[in-house]
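**Student:** Residue numbers (the working numbering), protein chains in the order written: chain B, 1076 to 1381; chain H, 11 to 511.
1) Within 10 angstroms of its Cβ, does residue 1177(B) collect 16 or more other Cβ (buried), or is it exposed?
2) Using a Cβ-Cβ cut-off of less than 8 Å, list which residues of the stretch 1355-1368 of chain B approach chain H; keep chain order.
3) Identify each residue in the stretch 1309-1342 of chain B for which the Cβ-Cβ distance to at least one residue of chain H is less than 9 Å, and report them in chain order.
4) What residue range is occupied by the uninterrupted beta strand (DSSP E) comprising residue 481(H)?
5) What's the C-alpha gap between residue 402(H) and residue 142(H)?
6) For a contact meaning CB atoms closer than 7 Å, what does residue 43(H) contact in chain B?
7) For my contact list, residue 41(H) and residue 331(H) are in at a C-beta cut-off of 8 Å; report their separation, rounded to the angstrom.
8) Mind listing which residues of the stretch 423-444 of chain H have their C-beta closer than 9 Å to chain B's C-betas, in chain order?
9) Please report the Cβ distance between residue 423(H) and residue 431(H), rounded to the nearest whole angstrom; I am assuming they are in contact, meaning their Cβ atoms lie under 8 Å.
10) Just grab the DSSP bridge partners of residue 345(H) for me.
11) Could you tell me if residue 1235(B) is buried or exposed, where buried requires 16 or more neighbouring beta carbons within 10 angstroms of its beta carbon?
12) At a CB distance below 8 Å, what residues from the stretch 1174-1195 of chain B approach chain H? Give them in sequence order.
13) Taking 8 Å as the CB-CB cut-off, is residue 467(H) touching chain B?
14) So that I know if they touch, is there some Cβ in chain H lying closer than 8 Å to that of residue 1261(B)?
15) Using a Cβ cut-off of 9 Å, pull out every chain B residue sitting near residue 417(H), in sequence order please.
16) Measuring alpha carbon to alpha carbon, tell me which residue in 252(H), 44(H) and 409(H) is nearest residue 467(H).
17) Can the beta-carbon of residue 35(H) be found less than 8 Å from the beta-carbon of residue 137(H)?
18) Could you check the C-alpha separation between residue 112(H) and residue 120(H) for me, to the nearest Å?
19) Does the ligand NAP have even one heavy atom less than 7 Å from the beta-carbon of residue 38(H)?
20) With H, G and I counted as helix, E and B as strand and the rest as coil, what does DSSP make of residue 1379(B)?
21) In chain B, what lies closer than 7 Å to residue 420(H) by C-beta?
22) Whose Cβ in chain B lies nearer than 7 Å to the Cβ of residue 15(H)?
23) Quick one: give me the first and last residue of the beta strand (DSSP E) that residue 1368(B) is part of.
24) Between residue 1348(B) and chain H, is any beta-carbon pair separated by less than 8 Å?
25) Short of 9 Å Cβ to Cβ, which residues in the stretch 371-400 of chain H face chain B?
26) Examine the Cβ distances between the stretch 1251-1266 of chain B and the stretch 1303-1312 of chain B and report whether three or more of them are shorter than 8 Å.
27) Would you decide whether residue 228(H) is buried or exposed? Buried here means 16 or more other CB atoms lie within 10 Å of its CB.
28) What residue from 327(H), 352(H), 265(H) and 81(H) has the CA that sits closest to residue 308(H)'s CA?
29) Who are the Cβ neighbours of residue 1250(B) in its own chain at under 8 Å, not counting the five residues just before and after it?
30) I want to verify the contact list: residues of chain B whose CB lies under 7 Å from the CB of residue 487(H), in sequence order.
31) If you pair each beta-carbon of the stretch 221-238 of chain H with each one of the stretch 91-99 of chain H, do three or more pairs fall below 8 Å?
32) Using a Cβ-Cβ cut-off of less than 9 Å, give me the residues of the stretch 1134-1163 of chain B that come near chain H, in sequence order.
33) When you compare only the Cα positions, how much space is there between residue 56(H) and residue 247(H)?
34) Whole angstroms are fine: how far does the CA of residue 1370(B) sit from the CA of residue 511(H)?
35) Tell me the rounded alpha-carbon separation between residue 286(H) and residue 473(H).
36) What span of residues does the beta strand (DSSP E) with residue 1117(B) cover, start to end?
Structure representation (structure tokens):
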């Protein structure tokens, strides 16, 4: 056993450093034109959007295994009419539930910690339309603190621990189904922002640096699939509405939450102004934390018409 | 009469009583958010005391309670059966008495008390205040169910349903009141009904003139069994008279009499009461004095935070027409409607007020108006209800973390379903940030912002009764309000969450 000399150590380190700087394509066996995260953008008839998008990503079976307990997180936090766009379109949620059941999921839990009264949110969002099989699909709107449990945020500076819905932590898979909407504080509310509906005390995030806190939340809750419901977008007056609602008839699906959100930012102007993902503070922060890709040029985007 | 038929009759009476009690409880259970409201307030509409007192105090005929004429006519024909068979509080008291197993005692009863209280309630209504809520048996039972039973039930149902657990700010006085009534009736059979209940008083007055009565049809051996089984001490067996005012038609004497001396048939001999003129005078004077007394002993508008539900008629009529039954508080899905303690004066106890810190008034809900049995909260259509202004939100900038600590909060803006909060760019000590402003022309005072403000202790945005609208009649919708709310070119600055280039 001999010690590595300082000289050797520097040589080896330099070697690794150079290797690290080399383009990754050098080590790849089959070169592809786009190396970034895969994104599927489906446009057309709302009742077929989800299947089209998920198929473009390789089909539901690449996300859900038979016997999985799947948690689906729509945004039904407000007691607003479905047409307003403040809540996820139940038609989209229903398609995802159906896909999960088809893939052999043992249990599908549709879950949101609502902001307004749960009974009213459920009624107004018409989310019960997505509960297509009462045996295997349940709707859960946790309203009690005991339904949440502490999760450490190792990479957090704003958040140290955060109480997250137990049902999510106990599930095998999480599918994040936000609605595309504006937000008076964060600018837009999409996939990452939708995760706030899984925590007990969302007010806490507002009391610290909100943008960083949202990004840090995404380091501990990692959906297996994010599907942004952009059948319509609430482009002002969000998150609760009323505001300006436009019909887009699109969904954006992907496993990289930052990429999905970043693409969705460019779907339409918000507050009558055009933005890109990098203009959104919490997305920039999430990108900095290495959660995902923010530059749409680096994404592998498949567009599907239905 | 065989022993068996006596038993059968008692069982039948119990079944009828329990059926009406069950109906009362079922109606109560069906009075909830999300369930269409129809006949659930049937019992209140059958209560002639509510009809009389509310019509007098509001100087308007309470049409919804005209149904109670049935009870009046029924009593004039058959006697005080309402008390013996229908009244759910009477049944509860019978059950408690039976469960306690205390030897029946019928003494220590002041049977003129119920006439005095009836007169008192009537006179005070004439002078200008209703005290019905302290004395009407149906109201007492309904309120006890809302304030004492429903929170307990919802604690358990809360495990399996979405409905959050109801908690109320005033249950202690309601509990003590109920316990006193029960305790007295456990010690002395039907004490409440015979001595205090003004509805009993009214029906007793009517049944004195009822067509059918119980009476001794022939001479008997004066064994006294009838008097010993009578739950209301209506029988004087020595004199062979039955006081039709006191008799609640339980039929015990009819079946127990070994000589079958008691009959139930048309009978025209009026029984006299010993309710004397000086008793009446006392009740009248008390009724006259009580009205200014309850109004002068407590200031009501000290804190400006008495927020009434949308569509509530103007004060002080509201406190009078409201029968304090608590149904509005039961159906309020946010639990924000809470019973007043003394915020609305001594007589305003248990009237509903919105405590927005607990829960705001949801935009898509008008249940309180739907269930109000006396329309003290008007049954406004959903659209009109959203225009009924119940107060105005005021921001306390020294507590607000967007103003004081430059935090990106704006939860109030998020919570407001009317876009009455404008988040505008404002520079404070060189920091430019969106900060909340209330547009008081659009704010309805619903308090959803206050409910969600993340500040510990008093919220940084609070609803005060500034600008509240209370209308006896007429629409709350005005062209101006509709125009303001629809206003497209609303001030809206780009949220701080965007990096502007």
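Just so you know, even glycine gets a beta-carbon here, dropped at the ideal spot from N, CA and C.
Computed from a predicted model, the values in this text were never measured in an experiment.
**Tutor:** The short version:
1) exposed
2) 1355, 1356, 1357 and 1359
3) 1311, 1312, 1313, 1314, 1315, 1316, 1317, 1318 and 1319
4) Counting along the chain, residue 481(H) falls outside any beta strand (DSSP E), and DSSP gives it neither H nor E.
5) 32 Å
6) 1194
7) Their Cβ separation, rounded to whole angstroms, is 19 Å, which puts residue 41(H) and residue 331(H) out of contact at 8 Å.
8) 423, 424, 425, 426, 427, 428, 429, 431, 433 and 444
9) 4 Å
10) None; residue 345(H) has no bridge partner.
11) exposed
12) 1190, 1191, 1192, 1193, 1194 and 1195
13) no
14) yes
15) 1281, 1282, 1283, 1284 and 1285
16) 409(H)
17) no
18) 20 Å
19) Of ligands this structure carries none, so the ligand NAP is not represented either.
20) strand
21) 1259 and 1260
22) The contacting residues do not exist; residue 15(H) stays about 51 Å from chain B at best.
23) Per DSSP, residue 1368(B) belongs to no beta strand (DSSP E) and is neither H nor E.
24) yes
25) 372, 373, 374 and 375
26) yes
27) exposed
28) 352(H)
29) 1138, 1145, 1146, 1147, 1148, 1171, 1175, 1298, 1299, 1300, 1301 and 1302
30) Per Cβ cutoff of 7 Å: no residues; residue 487(H) is ~17 Å from chain B at best.
31) no
32) 1153, 1154, 1155 and 1156
33) 34 Å
34) 17 Å
35) 52 Å
36) 1113-1118
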